[in-house]
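Below is one structure; the comments refer to it alone.
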Amino acid sequence: MRIDAYNQISQLYQASKPKKITKKSEATVKEQYTVSSKGQDYQAAKKALAAAPDIREEKVAALKEQIASGSYNVSAQEIADSVVSKFFDSSI
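Heads up: the sequence shown runs through residues 1 to 92, numbered per UniProt numbering.
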């Protein structure tokens with residue numbers, strides 16, 4: 001084992017000890033920011049989405065009632081049309 005290598009490593013670790021930071025007495029510059037109109041529109045839309053419910057309860061209740069009564073029927077053609085239209089709408 002090389003002792004000089006060990007001494008060099010220990011010196012490296014001692015050199016990286018944190019040093020005291022002195023605080024400045026006063027901050028002379030105050031930071032300010034402004035939000036663009038596009039950013040304000042984005043914030044308003046985000047708040048509106050957060051306030052909207054994730055589930056439309058009235059629609060879910062109507063579908064549950066149709067399923068329970070046995071009157072809810074969807075044709076395979078309607079499902080295929082919906083899948084194809086969603087695919088082409090999202091690929092644009």
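In this text, a Cβ means the ideal position worked out from N, Cα and C, and glycines have one as well.
Please state the DSSP three-state secondary structure of residue i.
i: Glu57; result: helix
i: Ile21; result: coil
i: Gln8; result: helix
Where residue i and residue j are concerned, what is the direct C-alpha to C-alpha distance, given to the nearest angstrom?
i: Phe87; j: Ser75; result: 19 Å
i: Gly70; j: Lys64; result: 10 Å
i: Leu49; j: Ile55; result: 12 Å
i: Lys30; j: Lys59; result: 52 Å
i: Tyr72; j: Gln66; result: 5 Å
i: residue 109; j: Ser90; result: Past the boundaries of the shown model lies residue 109; the chain is included only from 1 to 92, so the question cannot be answered.
i: Asp41; j: Lys47; result: 10 Å
i: Ser82; j: Ala45; result: 28 Å
i: Lys20; j: Lys38; result: 44 Å
i: Tyr57; j: Ala68; result: It is worth fixing the name first, because residue 57 is Glu in this sequence and not Tyr. Between Glu57 and Ala68, the C-alpha separation is close to 16 Å.
Item to complete: Let me know the alpha helix (DSSP H) ranges lying completely inside the UniProt domain "Anti-sigma-28 factor FlgM C-terminal" (34-83), each 4 residues or longer, listed in chain order.
Response: Complete alpha helix (DSSP H) runs here, min 4: 37-51 and 57-69.
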